[in-house]
Amino acid sequence: MPVKCILLIDDEKDLSDVIQTCLRKLGGWNVLTAQSGREGLGKAGKEQPDAILLDVMMPDMDGLTVLHNLQGDPATQNIPVILLTAKVQPADQNKYALLGVAGVITKPFDPLKISHQIAEKLGWALEIV
Amino acid sequence: MTQINRGKHENTGLEQQIQGVQGRYEAIRQNAENASIPTQNLLAEAITDLGITLEELQVTAEELYQQNAELLTARQDLEAERQRYQMLFELAPDSYLVTDAKGVIQEANRAAEILLNVPRSLLAGKPLVVFVALADRPSLRTQLAQLGTSAFKDMSPFRKHVHKEQAQEIYIQPRDGKAFPAAVSISVRYIPETKKIASIHWLIRDVSERVQAEEGLKRVNEQLESRVSRRTALLSHLNAELQESEERFRGAFDNAVAGIALVGLGGHWLKVNPALCQLLGYSEEELLRLDYQAITHQDDLEQSLNAVYQLLTSEITSAQIEKRFLHKQGHAVWVICSMSLVRDKQGQPLYLVKQIQDISERRAMEQMKSEFISVVSHELRTPLASIRGSLGLLAAGVLHDEPATTQQMLDIAAHETERLVRLVNDILDLERFETSKFTWDKQWCDAATLLQQAAEVIKPLAEESKITVSLLPDTQSVPVWADPDRLVQVLINLLSNAIKFSPRESTVTLTVQNQVEQVLFQVQDQGRGVPADKVETIFGQFQQVDASDARDKGGTGLGLAICRNIVQKHGGRIWVESALGKGSTFYFTLPIPLE
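If you read the sequences in order, they're chains A and B.
Here the first sequence is numbered in the numbering used here, starting from 2 and rising by one per residue.
Here the second sequence is numbered in the numbering used here, starting from 27 and rising by one per residue.
What follows is the structure in structure tokens.
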């Protein structure tokens, strides 16, 4: 079975490095990273990842705009998206649930569990390395 | 003996006399027949004449008898009539008195006896005036005097001997009793030949009950009039109160701060007050041509109609909803709309009363607060996520075979911890400055010295970026009334920003200038500049020119907000003048106190 590939779109360089390490070490997945929404849209279309982990709050193009573009592009509309957000208010959570995403993970996350959370939301079998 | 009996007796005497004469005639005629004297013829003639006379006498006697019988009948009729009148007089229900011309009582009937409470035997001979109340006596005396002099010519044409006076009302004073009102009718009998008064007939009727009834009626009438008067006054008062109430209502309606409206069941505006017109931007005429639905935000229409439905079905008696109206200029206006339904006496719904309160500011504040919490939450959670993630991986030992990644995670943890510390400090500073408990240690200090202190603190950052920090003037002392630590904090924040956004090997100039009433500070850089639409907002919390500045430049997004807070707490003002690509100059002033 080929190794799953996840595209991580987050403008926070440090956090992106940490998540990348978590997914690589504990999920056994390949991780592509993008530092902005625009970069993420380009990589999603080009690399066709198995899933996208998308930060909501980003400058220039925020995560919801990126999601809208992903869902509007036939090349990326079938790629499952998990939102990564520091917003934890119920109104925000309810809003995200209506967006057609595979799931929402809130910051700060447990680095040892984030891979399990992603696998569960995507229905993947976790391959512990 | 009565007249009739006397007539009978007289007739009988006459008959006896006639019979006596007849006897003597028979005796004379017998004697004449028996005599034999020569005068016999003369005697016979005399006797014959006597016989004839006797017969005539008998005829006359008979006629007299018949006349006497007729007279007797007439007398009997007269007596019967007199008795009837006497009975009528006696049994009359009203008091009847007969007086002479001077008013002295001659006769009184039984009713008068009772009315005046005096036996008839004692009434006769007494002046009627003594049975009249004192107040009415003078007028009665006058009336009697006038009757004596005037009235014959006014006699009734039908009863020539009777003069009738108008009925009048006087107060009768009975013996040992209380005076009472009486209706008195007076008839005067005259002697036609002498034209003198024969008698005066007084018909007196007690009218106490009628007068009482009249007085009662009068009292009732007065009470009624009084009640009508009071009622009229009450109505007038109520009318005035109603008018006043209407004026108060109109005043309250027109001058209310909140919008008030009456809305028909179909949603059309029936009445709107000036506050509502102002809130929605329409004139009264324009608003009355619209309906409620037309200017309700589409997303809030269902909620509004549902509330009205619940009022109409009596599920609720009043409703309060937060909703948006559409301003005439198109933007939404948030309001609290309180409504209740007015029904008629039969319970049929008439119209809705709505009070509409502008909550735009509150909603904006809530929105701002929510956004601030959201931003703070994000700003705190993001470095925390990095720290927790990196340390979590290290602690779990999953990186033991990757020393480079281990070091990277340690660096991330340290770096993000620093960021978190700065952020927490800035948030706490802002919070501290806002509270009244914070003590501002204001004192006279030398601004030039404070500039040097700030420049010294910022020197490593400036050297790292090869930025020159220039102080002007470099020696002049400028006294300033300030909390020195906080003032240095402002200067460091401004210098730090200037250095971060300036190109390498450029100059940041720090100037202080003593003006007449204030001290002016300037921090000038040669950086990228601030866009015109940001020159105000950058002093807000988490309002960087670029959202990535917080990460790239190591800022928290709170530095300028803290600067503004400190300057304002000193009574000063802070602003920026900038040209994109050429640089910015941040200014702030501190007032010089008079003492």
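Just so you know, even glycine gets a beta-carbon here, dropped at the ideal spot from N, CA and C.
Bear in mind that the values here come from a model prediction, so they are computed numbers and not experimental data.
Contact list for residue i against chain B, beta-carbon separation under 7 Å
i                    : result
valine 67 of chain A : Simply none; closest approach about 15 Å.
Opening and closing residue of the alpha helix (DSSP H) in which residue i lies
i                            : result
glycine 151 of chain B       : Premise fails: glycine 151 of chain B is in no alpha helix (DSSP H) and is neither H nor E.
asparagine 143 of chain B    : Careful: asparagine 143 of chain B lies outside any alpha helix (DSSP H) and carries neither H nor E.
leucine 584 of chain B       : Counting along the chain, leucine 584 of chain B falls outside any alpha helix (DSSP H), and DSSP gives it neither H nor E.
phenylalanine 459 of chain B : 429-460
valine 214 of chain B        : From DSSP, valine 214 of chain B is part of no alpha helix (DSSP H) but of the beta strand (DSSP E) over 206-217.
glutamate 543 of chain B     : Counting along the chain, glutamate 543 of chain B falls outside any alpha helix (DSSP H), and DSSP gives it neither H nor E.
valine 561 of chain B        : No alpha helix (DSSP H) holds valine 561 of chain B; DSSP gives it neither H nor E.
glycine 1 of chain A         : Residue 1 of chain A is absent from the model: chain A starts at 2 and stops at 130.
Residue-chain proximity (residue i, chain B), Cβ-Cβ < 9 Å
i                         : result
threonine 1 of chain A    : Since the first and last residues shown for chain A are 2 and 130, residue 1 of chain A lies out of range.
tryptophan 30 of chain A  : no
leucine 8 of chain A      : no
alanine 103 of chain A    : no
alanine 98 of chain A     : no
glutamate 121 of chain A  : no
proline 50 of chain A     : no
lysine 88 of chain A      : yes
leucine 127 of chain A    : no
isoleucine 115 of chain A : yes
aspartate 93 of chain A   : yes
valine 4 of chain A       : no
Interface flag, residue i vs chain A, CB-CB below 9 Å
i                        : result
arginine 407 of chain B  : yes
arginine 442 of chain B  : According to the sequence provided, residue 442 of chain B is glutamate. The question's arginine does not apply to it. Yes - at least one Cβ of chain A is within 9 Å of the one on glutamate 442 of chain B.
valine 450 of chain B    : no
glutamine 434 of chain B : yes
alanine 390 of chain B   : no
alanine 284 of chain B   : no
alanine 411 of chain B   : yes
Selected residue, minimal CA-CA separation from residue i, among the options
i                            : options                                   : result
threonine 66 of chain A      : A:Glu40, A:Lys47, A:Val4 and A:Ala52      : A:Glu40
glutamine 433 of chain B     : A:Val19, A:Ile10, A:Ile53 and A:Thr77     : A:Val19
leucine 520 of chain B       : B:Gln544, B:Gly583 and B:Arg458           : B:Gly583
phenylalanine 206 of chain B : B:Val237, B:Lys244, B:Ser225 and B:Pro145 : B:Val237
lysine 485 of chain B        : B:Arg414, B:Ile518 and B:Glu397           : B:Ile518
leucine 378 of chain B       : B:Met365, B:Gln372, B:Asp472 and B:Ile385 : B:Met365
phenylalanine 547 of chain B : B:Ile588, B:Asp511, B:Val561 and B:Arg599 : B:Arg599
leucine 123 of chain A       : A:Ser37, A:Asp15, A:Leu33 and A:Val102    : A:Val102
aspartate 511 of chain B     : B:Val593, B:Phe275 and B:Ile438           : B:Val593
arginine 554 of chain B      : B:Ala605, B:Thr535 and B:Asn265           : B:Ala605
phenylalanine 565 of chain B : B:Ala587, B:Thr86 and B:Pro557            : B:Ala587
valine 424 of chain B        : A:Met2, A:Ala35 and A:Gly28               : A:Gly28
valine 542 of chain B        : B:Leu620, B:Ala508, B:Asp467 and B:Gln550 : B:Leu620
isoleucine 307 of chain B    : B:Leu243, B:Leu352, B:Gln169 and B:Glu41  : Per the sequence shown, residue 307 of chain B should be read as glycine rather than isoleucine. Comparing Cα-Cα distances from glycine 307 of chain B to each of B:Leu243, B:Leu352, B:Gln169 and B:Glu41, the minimum goes to B:Leu352.
glycine 38 of chain A        : A:Asp111, A:Leu9, A:Ala52 and A:Leu16     : A:Leu9
tryptophan 470 of chain B    : B:Gln478, B:Asn523, B:Ile618 and B:His294 : B:Ile618
Contacts that residue i makes with chain B (C-beta to C-beta distance below 9 Å)
i                        : result
methionine 58 of chain A : Ser400, Val401, His404, Thr408 and Ala573
Residue-chain proximity (residue i, chain C), Cβ-Cβ < 9 Å
i                        : result
isoleucine 20 of chain A : The structure shown contains no chain C; the protein chains it does contain are A and B.
Endpoints, beta strand (DSSP E) assigned at residue i
i                         : result
asparagine 157 of chain A : The first residue shown for chain A is 2 and the last is 130, placing residue 157 of chain A beyond what the model contains.
histidine 227 of chain B  : 222-232
lysine 380 of chain B     : 375-384
threonine 12 of chain B   : For residue 12 of chain B there is no data in the structure shown, the boundaries of chain B being 27 and 621.
leucine 9 of chain A      : 6-10
valine 368 of chain B     : 358-369
Chain-ordered neighbours of residue i on chain A, where CB pairs are closer than 9 Å
i                        : result
serine 344 of chain B    : The premise fails here: serine 344 of chain B is roughly 28 Å from chain A at the closest Cβ pair, so nothing lies under 9 Å.
threonine 563 of chain B : Within 9 Å Cβ-Cβ: nothing; threonine 563 of chain B doesn't reach chain A, min ~15 Å.
serine 528 of chain B    : Near serine 528 of chain B there are no residues of chain A at all, since even the closest Cβ is about 21 Å away, more than 9 Å.
alanine 358 of chain B   : By Cβ distance, chain A contributes nothing, its closest Cβ being about 19 Å from alanine 358 of chain B, past 9 Å.
leucine 419 of chain B   : Val19, Thr22, Cys23, Lys26, Leu27, Pro112 and Leu113
Where residue i meets chain A, residues with beta-carbon distance less than 7 Å
i                         : result
isoleucine 438 of chain B : Asp15, Asp18 and Val19
valine 424 of chain B     : Lys26 and Leu27
Interface partners of residue i on chain A, CB under 8 Å
i                        : result
threonine 431 of chain B : Thr22
arginine 414 of chain B  : Pro109, Phe110, Asp111 and Pro112
Near the ligand NAP: residue i beta-carbon under 8 Å from a heavy atom
i                     : result
serine 604 of chain B : Absence of the ligand NAP is noted for the structure shown, with no ligands found whatsoever.
Open item on the list: Restricting to runs no shorter than 3 residues, where is the beta strand (DSSP E) found entirely within the region 302-353 of chain B?
Closed with: 344-352
Task: Segments of 3+ residues assigned as beta strand (DSSP E) that fall wholly inside the region 31-115 of chain B - done: none
- [ ] Counting only runs of 3+ residues fully inside the region 50-105 of chain A, write out the beta strand (DSSP E) ranges in chain order.
- [x] 52-56 and 82-86
- [ ] Go through the region 466-535 of chain B residue by residue and report every complete run of the beta strand (DSSP E) that reaches 3 residues or more, in order.
- [x] 469-472, 494-498 and 505-508
Task: Runs of beta strand (DSSP E) lying entirely within the region 235-289 of chain B, each at least 3 residues, in chain order - done: none
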